[in-house]
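Undergrad: So that we are looking at the same thing, I have put the structure below in structure tokens.
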Amino acid sequence: MAMLGMMEGNLLNSIAISNSFLGGYALNHLSYFGILTFGTILVAIDFLTRKNPEFWGNETRKEGSKYFISLRVK
6 MAMLGMMEGN LLNSIAISNS FLGGYALNHL SYFGILTFGT ILVAIDFLTR
56 KNPEFWGNET RKEGSKYFIS LRVK
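Residue numbers (this note's numbering): 6 to 79.
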């Protein structure tokens, strides 16, 4: 969604005749900083829940070795 917002903001910037129309600039900046804020929140969640095995799907086998369950796309 942020990519679409940035593309629309660039389109509005190129269509606007004067620089007094700030909607395109505002949309570009909101989209860019929205991506930055979303990434920062994801990293904070990662750091805060790193040692929680239930959250990340780390489980222990009967032998005691740990394995990691991950989703893979083929």
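Heads up, the beta-carbon is just placed ideally off N, CA and C, and yes, glycines get one too.
Which of helix, strand or coil does DSSP assign to L27?
TA: Here L27 sits in coil by DSSP.
Undergrad: Which same chain residues end up closer than 6 angstroms to N33 when comparing Cβ atoms and leaving out the 5 residues on each side of it in sequence?
TA: M11, G14
Undergrad: Would you say A7 and I50 are within 7 angstroms of each other, going by their C-beta atoms?
TA: no
Undergrad: Alpha carbon to alpha carbon, how far is N18 from Y37?
TA: 15 angstroms
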